[in-house]
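**Student:**
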Amino acid sequence: MGESFTFPAPVLTRGFLLHGELGAVAVIIEGIDYILLTDTFKDRLQWDKQTGLFTITELKLQDDGEYKVDNSDGQRIQITFQLTVYSRFSFSLSFLLDTQNCSVLCSVENDRDVTLGKEILNQTSSPHLNITPSLPLDIEVQDSDTHSCVSSNPVSEESAELDTQKFLNTSEPPLFSHEMFSDVVLLGIERRTLARGLSS
554 MGESFTFPAP VLTRGFLLHG ELGAVAVIIE GIDYILLTDT FKDRLQWDKQ TGLFTITELK
614 LQDDGEYKVD NSDGQRIQIT FQLTVYSRFS FSLSFLLDTQ NCSVLCSVEN DRDVTLGKEI
674 LNQTSSPHLN ITPSLPLDIE VQDSDTHSCV SSNPVSEESA ELDTQKFLNT SEPPLFSHEM
734 FSDVVLLGIE RRTLARGLSS
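Basically my numbering = 1-based index in the sequence shown + 553.
(1) CB-CB under 6 Å to residue 716, same chain, minus the five flanking residues each way: which ones, in chain order?
(2) Whose C-beta lies closer than 6 Å to the C-beta of residue 607 among residues of the same chain, with five residues either side of it excluded?
(3) With DSSP as the reference, label residue 573 as helix, strand or coil.
(4) Note down the Cα distance separating residue 673 from residue 638, rounded to an integer number of angstroms.
(5) Suppose you measure from the CA of residue 727 to the CA of residue 659; what does that come to, to the nearest Å?
(6) If the criterion is Cβ atoms closer than 9 Å, does the pair residue 610 and residue 619 meet it?
(7) When you compare the CB positions of residue 623 and residue 564, do they come within less than 9 Å of one another, or not?
(8) Out of 568, 557, 635, which one is the CA nearest neighbour of residue 602?
(9) For a quick check, are the C-beta atoms of residue 581 and residue 566 less than 9 Å apart?
(10) What are the uninterrupted segments assigned as beta strand (DSSP E) that are 3 or more residues long and contained completely in the stretch 583-609, given in chain order?
(11) Less than 8 Å between C-beta atoms, sequence neighbours within five positions excluded: which residues of the same chain meet that for residue 589?
(12) Based on the DSSP output, what are the partners of residue 716 in its beta bridges?
(13) Assuming residue 612 and residue 558 form a contact by the criterion Cβ under 8 Å, report the distance between their Cβ atoms to the nearest whole angstrom.
(14) Please report how far the alpha carbon of residue 635 lies from the alpha carbon of residue 714, in whole angstroms.
(15) According to DSSP, is residue 612 helix, strand or coil?
(16) Could you tell me the distance, in whole angstroms, from the CA atom of residue 630 to the CA atom of residue 575?
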């Protein structure tokens with residue numbers, strides 16, 4: 554299920570919400586009701602007549618882009634937003650044990666602005682989306698530290714920890730995998746233009 558975002562720019566009486574090449578996607582009529590002008594946001598775009606705020610629910614990756622709230626309540630003001638929608642990544646941490654050491658491999662599904670790093674290495678992933686970011690680490694049997702693997706993008710972070718001694722002394726099979734998956738859509742919002750007065 555996707556997240557929601559409310560544009561912090563009210564339209565109480567007259568105005569529009571515009572989106573990229575679609576142009577106006579909703580219009581407010583005399584502060585009473587609004588008309589949705591496209592099926593793109595059908596059942597997902599709401600307007601609160603009390604606050605005057607537009608809200609997009611069930612955000613999708615395709616909702617990325619520039620939005621403008623055009624307010625004609627008094628002097629015409631247009632506020633521009635750049636909405637960036639991120640998908641929370643899937644993240645896996647695999648441990649492979651042999652007789653001499655414990656080999657740890659952190660990997661993550663590559664996506665926009667994803668980084669992968671282990672605290673002990675302080676490294677980040679390749680920015681190329683056709684490469685699966687991964688970081689290997691060989692741990693000596695006598696190692697008593699706890700190691701963390703952390704993966705993040707601008708709006709979410711996942712981590713997993715390995716207690717070396719607990720793992721090395723376990724009777725479990727020599728391959729263990731820790732995985733986290735989520736299809737929750739998260740977002741980043743940049744208010745790019747504060748306000749712009751336009752002639753009526």
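Cβ atoms here follow ideal geometry from the backbone N, Cα and C, with glycine treated the same way.
**Tutor:** Once the coordinates are examined:
(1) 699
(2) 560, 570, 600
(3) helix
(4) Reliability fails at residue 673, whose pLDDT of 48 lies under 50, so the model's placement of it is uncertain and the value that follows must be treated cautiously. When rounded, the distance between both Cα atoms is 31 Å.
(5) Because the pLDDT of residue 727 is 42, which lies under 50, any placement of that residue in the model is unreliable, and the question is left without a value.
(6) no
(7) yes
(8) 568
(9) yes
(10) 586-589, 598-600, 607-609
(11) 578, 579, 595, 598
(12) 699
(13) 6 Å
(14) 36 Å
(15) coil
(16) 20 Å
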